[in-house]
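Chemist:
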Amino acid sequence: MDNSVTFVLAGAERKVGNPYRQCTSEKELVKEFVLVYPILKPAHRLNLVLPRSSSNEYKLLEFMSKSTPNVFLYDTLANVLTTDINVVAETANTYKKNGLLSPSDLDVNFLQDPLFDVDLESDLGFTKSDLKKLEKASLNWGFNVHEYSSNELLAILFIIFKGYLNNSNDQGSKSHNSQSTELHGSDNAGSIPVISDRELMWFLCICRILYKSYAPYHSFWHCVDVAQFSHMLLSNPNPWELTRKEKFHTVIAAAGHDILHPGLNYKVVCGIDPSFKSKYKNLEEYHINTLGRLVTQLLPQIASSQKITHEAIAATNLEMHCKLTCQAPTFVHVLKMSDFACTVRPGYGPHYATSVLIFLEFRNEYDIRSMLDVSTGCKLIFNPHIPEAEALIDLQISFMTNMIVPYFKWLAECFPPFERHHASALLKLQRFESMKRSKSFGFCENYPLLGMVSCGKVSHKEGAGAAR
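At position 11 of the sequence shown (counting the first as 1) the number is 11 in UniProt numbering, and the numbers step up by one without a gap.
(1) List the whole-angstrom C-beta distance separating Leu335 from Ala315, where the pair is believed to meet the contact cut-off of C-beta under 8 Å.
(2) Is there contact here, the stretch 138-156 with the stretch 350-360, by at least three beta-carbon pairs under 8 Å?
(3) How would you call Pro274, buried or exposed, if buried means at least 16 neighbouring beta carbons within 10 angstroms?
(4) Using the rule of at least 16 other Cβ atoms within 10 Å of the residue's Cβ for burial, across every protein chain shown, is Lys428 buried or exposed?
(5) Whole angstroms are fine: how far does the CA of Thr6 sit from the CA of Arg21?
(6) Cβ atoms of Ala253 and Ala215: under 8 Å apart, would you say?
(7) In whole angstroms, give me the CA-to-CA distance for Val356 and Ile404.
(8) Should Leu208 be labelled buried (16 or more other beta-carbon atoms within 10 Å of its own) or exposed?
(9) Report the three-state DSSP secondary structure of Gln306 (helix, strand or coil).
(10) Tell me whether Ser40 sits in a helix, a strand or coil according to DSSP, three-state version.
(11) Please name the residue in Leu115, Glu319, Lys279 whose C-alpha comes closest to that of Asn56.
(12) By how many angstroms is the C-alpha of Phe432 removed from the C-alpha of Ile397?
(13) Between which two residues does the alpha helix (DSSP H) harbouring Leu73 extend?
(14) So what's Thr401 in DSSP terms, helix, strand or just coil?
(15) With distance defined between alpha-carbon atoms, name the residue in Arg198, Pro193, Leu210 nearest to Ile39.
(16) Please list the terminal residues of the continuous alpha helix (DSSP H) segment that includes Gln297.
(17) What is the DSSP secondary structure of residue 527, counted as helix, strand or coil?
(18) Three or more C-beta pairs closer than 8 Å, one from the stretch 256-270 and one from the stretch 232-248: is that the case here?
(19) Leaving aside the five residues before and after Glu285 along the sequence, list all residues of the same chain whose C-beta is less than 6 Å from its C-beta, in chain order.
(20) Which residues share a DSSP beta bridge with Phe7?
(21) Using the Cα positions of Arg345 and Ser54, report the straight-line distance between them to the nearest angstrom.
(22) Going by alpha carbons, who is nearest to Arg52 out of Leu204, His222, Leu9?
(23) Does the distance from the CB of Leu60 to the CB of Leu73 come in under 8 Å?
(24) Are His249 and Ser305 touching if we call contact CB-CB under 8 Å?
(25) Looking at Leu48: is its Cβ nearer than 8 Å to the Cβ of Ser65?
(26) If I measure Cβ to Cβ from Leu299 and keep anything under 7 Å in the same chain, skipping five residues before and after, which residues do I get?
(27) Leaving out five residues before and five after Ile259 in sequence, what residues of the same chain have Cβ atoms less than 8 Å from its Cβ?
(28) Flag this pair as yes or no: are the beta carbons of Val34 and Phe161 separated by less than 8 Å?
(29) Mind checking whether Leu395 and Phe340 have CB atoms under 8 Å apart?
(30) Mind checking which residues open and close the alpha helix (DSSP H) that includes Ala137?
(31) Given a cut-off of 8 Å on the beta-carbon distance, is the pair Ser235 and Leu139 in contact?
(32) Taking the Cβ atom as the reference point for each residue, do Tyr217 and Thr343 lie within a distance shorter than 8 Å?
(33) How many angstroms separate the CA atom of His261 from the CA atom of Glu361?
(34) Measuring only the C-alpha atoms, how far is Pro69 from Thr296?
(35) If we count the other Cβ atoms within 10 Å of its Cβ and call it buried at 16 or more, is residue 555 buried or exposed?
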């Protein structure tokens with residue numbers, strides 16, 4: 001099976017046939033890329049064929065081909081490799097060849113002005129009824145990110161951000177406390193500069209393509225999971241008196257907190273590229289630099305107010321955990337709590353799926369089929385007959401026992417309404433302990449990472465609930 005999708009600029013080649021897709025202009029080709037790349041399966045290879053030029057459209061495609069192992073840019077169709085290449089089976093080798101993109105290399109001046117518009121209805125195929133359902137999902141504690149397609153998640157993210165931008169001059173229901181004054185000085189912290197729908201959607205589309213499609217866990221799905229949980233915390237009673245502007249920047253942090261994540265644990269990354277450790281003491285610093293550059297270029301009107309964004313992302317570093325829990329919880333715990341969302345949401349499905357994906361990043365093992373029984377199609381059923389099964393369970397039990405349960409217990413003691421999250425974490429721990437005792441490791445949960453779509457039928461107008 002050919003796992004490649006090829007977009008060709010008309011005129012670049014005389015004869016173009018299936019599975020190649022012709023685009024009439026650079027603008028159309030780059031729009032197809034931005035909307036289609038995020039919905040491809042990890043093993044897909046995306047070929048882009050167009051003559052070299054100095055246009056911003058070409059610069060974006062060139063940037064993505066340099067920073068993304070499964071995106072390839074060619075001058076002519078004749079140069080496109082037609083063999084089926086699984087570009088993620090040996091991710092370590094891929095990074096050795098391509099290197100890790102440094103934020104200092106993230107020259108995104110060419111992205112400052114949106115290259116095209118994206119409309120949720122006309123471009124992505126959503127009806128008004130669809131959008132109402134997605135708006136409802138954005139306000140659900142039991143939100144299961146694995147049930148949604150990439151486009152649905154993009155729409156949910158847009159809906160969440162729009163909620164903070166609407167009536168942005170409203171100071172909100174809470175006063176501007178001393179913490180806010182320290183963060184923003186004499187700024188009118190309740191006011192958000194005007195951001196158009198066009199600018200917002202462009203920013204979110206670029207964020208989406210900068211989350212690696214092949215990353216098992218730190219993908220766009222994790223991005224939206226964390227952003228939605230942050231939104232829930234900020235929309236319900238909480239111990240933080242944040243203005244609308246501060247809430248908006250916190251959600252910005254949630255959306256970009258793992259941007260350009262290599263899909264590998266930090267120690268694995270440093271083993272592949274030793275220079276990375278000398279540049280960045282942790283991945284959080286890497287993400288802060290990347291998101292900072294992106295916001296400065298794409299949303300310059302809020303670039304001067306990024307302190308809250310940077311502090312929130314820095315707090316997700318697990319090495320900061322003890323320091324952050326020896327004092328009263330501050331606003332940074334919104335993102336810190338949300339980064340653990342799957343461990344405290346109602347239901348077991350999201351946590352089961354996530355536990356497998358995190359395990360893959362720690363083990364640098366990307367051939368998920370070697371670890372799973374996929375005879376049931378897209379059902380995630382962990383194979384109990386291999387050593388990794390029990391190792392995964394042990395990892396989750398240790399993580400829940402030593403960090404998650406004590407952390408949410410502490411939060412509940414500081415703010416009693418958070419007891420719901422502590423209770424949920426306890427139930428998850430008990431379930432994993434029960435699985436270990438019974439040697440029953442079957443995770444019979446829907447998870448759409450498995451399986452492939454037909455390359456000849458790839459469309460950025462995904463239906464509701466389309467597979468990842």
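We treat Cβ as the ideally placed atom computed from N, Cα and C, and that holds for glycine. The model shown is predicted, which means the values in this text are computed figures rather than measured ones.
Modeler: Quick answer:
(1) Counted from its first residue, the sequence shown places residue 335 at position 335. Counted from its first residue, the sequence shown places residue 315 at position 315. So it is a contact: roughly 6 Å between Cβ atoms.
(2) yes
(3) As a working note, residue 274 is residue 274 in the sequence shown. It is exposed - the Cβ of Pro274 has fewer than 16 other Cβ atoms within 10 Å.
(4) Counted from its first residue, the sequence shown places residue 428 at position 428. Result: buried.
(5) One-based indexing of the sequence shown puts residue 21 at position 21. One-based indexing of the sequence shown puts residue 6 at position 6. For Arg21 and Thr6, the distance between alpha carbons rounds to 6 Å.
(6) Locating residue 215 in the sequence shown gives position 215, where the first residue counts as 1. Locating residue 253 in the sequence shown gives position 253, where the first residue counts as 1. In this structure, Ala253 does not lie closer than 8 Å to Ala215 by Cβ.
(7) Stepping through the sequence shown from its first residue, residue 356 is reached at position 356. Stepping through the sequence shown from its first residue, residue 404 is reached at position 404. Answer to the nearest angstrom: the Cα atoms are 17 Å apart.
(8) Against the sequence shown, residue 208 aligns to sequence position 208. Here residue 208 turns out to be Arg, not Leu, going by the sequence shown. So Arg208 ends up on the buried side.
(9) Sequence index remark: in the sequence shown, residue 306 carries index 306 (1-based). If DSSP states are grouped into helix, strand and coil, Gln306 belongs with coil.
(10) In the sequence shown, counting from the first residue as 1, residue 40 sits at position 40. Strictly speaking, residue 40 in this sequence is Leu, with Ser absent from that position. If DSSP states are grouped into helix, strand and coil, Leu40 belongs with coil.
(11) Residue 56 sits at position 56 when you count from the first residue of the sequence shown. Ranking Leu115, Glu319, Lys279 by Cα distance to Asn56 puts Leu115 first.
(12) For the purposes of this step, residue 397 is taken as residue 397 along the sequence shown, with counting starting at 1. For the purposes of this step, residue 432 is taken as residue 432 along the sequence shown, with counting starting at 1. Each residue's alpha carbon lies about 6 Å from the other.
(13) Position 73 of the sequence shown holds residue 73. Here Leu73 belongs to no alpha helix (DSSP H); instead the beta strand (DSSP E) covers 71-74.
(14) As a working mapping, residue 401 is identified with position 401 in the sequence shown. In this structure, Thr401 counts as helix in the three-state DSSP scheme.
(15) Mapped onto the sequence shown, residue 39 falls at position 39. In this structure, Leu210 is the residue among Arg198, Pro193, Leu210 with its C-alpha nearest to the C-alpha of Ile39.
(16) Walking along the sequence shown from the start, residue 297 turns up at place 297. Gln297 -> alpha helix (DSSP H) spans 283-298.
(17) Residue coverage of the chain in this structure runs from 1 to 468, which leaves residue 527 outside it and unanswerable.
(18) no
(19) If you number the sequence shown from 1, residue 285 lands on position 285. There are no such residues.
(20) Stepping through the sequence shown from its first residue, residue 7 is reached at position 7. According to DSSP, Phe7 bridges with Arg21, Leu48.
(21) Translated into the one-based positions of the sequence shown, residue 345 becomes position 345. Translated into the one-based positions of the sequence shown, residue 54 becomes position 54. About 48 Å.
(22) Residue numbering aside, residue 52 sits at position 52 when the sequence shown is read from its first letter. Measuring from the Cα of Arg52, the nearest candidate turns out to be Leu9.
(23) Against the sequence shown, residue 60 aligns to sequence position 60. Against the sequence shown, residue 73 aligns to sequence position 73. No, they are not a contact pair.
(24) As a position in the sequence shown, residue 249 is number 249, starting the count at 1. As a position in the sequence shown, residue 305 is number 305, starting the count at 1. It is a contact, given that the beta carbons lie within the stated cut-off.
(25) The residue labelled residue 48 in the question sits at position 48 within the sequence shown. The residue labelled residue 65 in the question sits at position 65 within the sequence shown. Contact: yes.
(26) Residue 299 sits at position 299 when you count from the first residue of the sequence shown. Here Leu299 has Ile195, Glu199, Phe203 as same chain residues with Cβ atoms under 7 Å from its own Cβ, once five neighbours each way along the sequence are excluded.
(27) Start at 1 with the first residue of the sequence shown, and residue 259 comes out as number 259. Closer than 8 Å at the Cβ level, and outside the excluded window around Ile259, lie Cys207, Leu210, Tyr211, Cys223, His287, Thr290, Leu291, Leu294.
(28) For the purposes of this step, residue 34 is taken as residue 34 along the sequence shown, with counting starting at 1. For the purposes of this step, residue 161 is taken as residue 161 along the sequence shown, with counting starting at 1. Cβ atoms of Val34 and Phe161: not closer than 8 Å.
(29) As a working note, residue 395 is residue 395 in the sequence shown. As a working note, residue 340 is residue 340 in the sequence shown. Not a contact, by the Cβ cut-off of 8 Å.
(30) Here the question's residue 137 lines up with position 137 in the sequence shown. Counting along the chain, the alpha helix (DSSP H) containing Ala137 begins and ends at 128-137.
(31) To locate residue 235, count along the sequence shown from 1; it is residue 235. To locate residue 139, count along the sequence shown from 1; it is residue 139. Yes, the Cβ-Cβ distance between Ser235 and Leu139 is below 8 Å.
(32) Along the sequence shown, one-based indexing puts residue 217 at 217. Along the sequence shown, one-based indexing puts residue 343 at 343. No, these two residues do not count as a Cβ contact at 8 Å.
(33) Looking up residue 261 in the sequence shown gives position 261. Looking up residue 361 in the sequence shown gives position 361. Looking at the two C-alpha atoms, the distance is approximately 11 Å.
(34) Taking the first residue of the sequence shown as position 1, residue 69 is located at position 69. Taking the first residue of the sequence shown as position 1, residue 296 is located at position 296. Approximately 26 Å between the Cα atoms of the pair.
(35) The requested residue 555 does not occur in the structure, where the chain is confined to residues 1 to 468.
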